[in-house]
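Here's the structure, in structure tokens; my notes come after.
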Amino acid sequence: MWNRSRWCKIVIGLMLIGIVLLGLAAMIVPRWNRYQVSGQIQLPGIESDIVIVRDEKGMPYIHAQNHRDLFF
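Residues are numbered in our numbering as their position in the sequence shown, beginning at 1, plus a constant of 1.
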């Protein structure tokens with residue numbers, strides 16, 4: 002039969018491993034979601050030019066010449 006101190010060591014070890022894995026995930030995952038914030042993209046189905054500008058906080062504003070392109 003296992004004693005209490007051995008169970009505590011196992012639980013603490015598993016918790017430490019989980020914390021390390023969460024820390025690594027917190028560092029790696031944001032790098033996967035890098036959006037293109039400059040340049041041009043050609044898309045089929047767009048009838049006229051669309052301009053996307055960002056304010057100082059990074060909020061995008063979309064300017065289009067018609068509603069169809071705006072909601073594309």
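Just so you know, even glycine gets a beta-carbon here, dropped at the ideal spot from N, CA and C.
Treat the numbers as computed from the prediction; the structure is a model and nothing was measured.
**Request:** Provide the residue span of the beta strand (DSSP E) that contains V52, from first to last.
**Result:** Along the sequence shown, read from residue 1 onward, the residue named residue 52 stands at position 51. It spans 51-55 - the beta strand (DSSP E) in which V52 sits, taken as one unbroken run.
**Message:** Whole angstroms are fine: how far does the CA of G40 sit from the CA of F72?
**Reply:** Start at 1 with the first residue of the sequence shown, and residue 72 comes out as number 71. Start at 1 with the first residue of the sequence shown, and residue 40 comes out as number 39. Going from the Cα of F72 to the Cα of G40 covers about 20 Å.
**Rounded C-alpha distance that separates E48 from D70** = Numbered from its first residue, the sequence shown carries residue 48 at position 47. Numbered from its first residue, the sequence shown carries residue 70 at position 69. Cα to Cα, the separation comes out at about 7 Å.
**Request:** Tell me where the alpha helix (DSSP H) around I63 begins and ends.
**Result:** Here residue 63 refers to the residue found at position 62 when the sequence shown is read from its first residue. No alpha helix (DSSP H) holds I63; the beta strand (DSSP E) holding it covers 61-65.
**Item:** I152, enclosing alpha helix (DSSP H) - first and last residue
**Value:** Outside the displayed span of the chain (2 to 73) sits residue 152, for which this structure offers no information.
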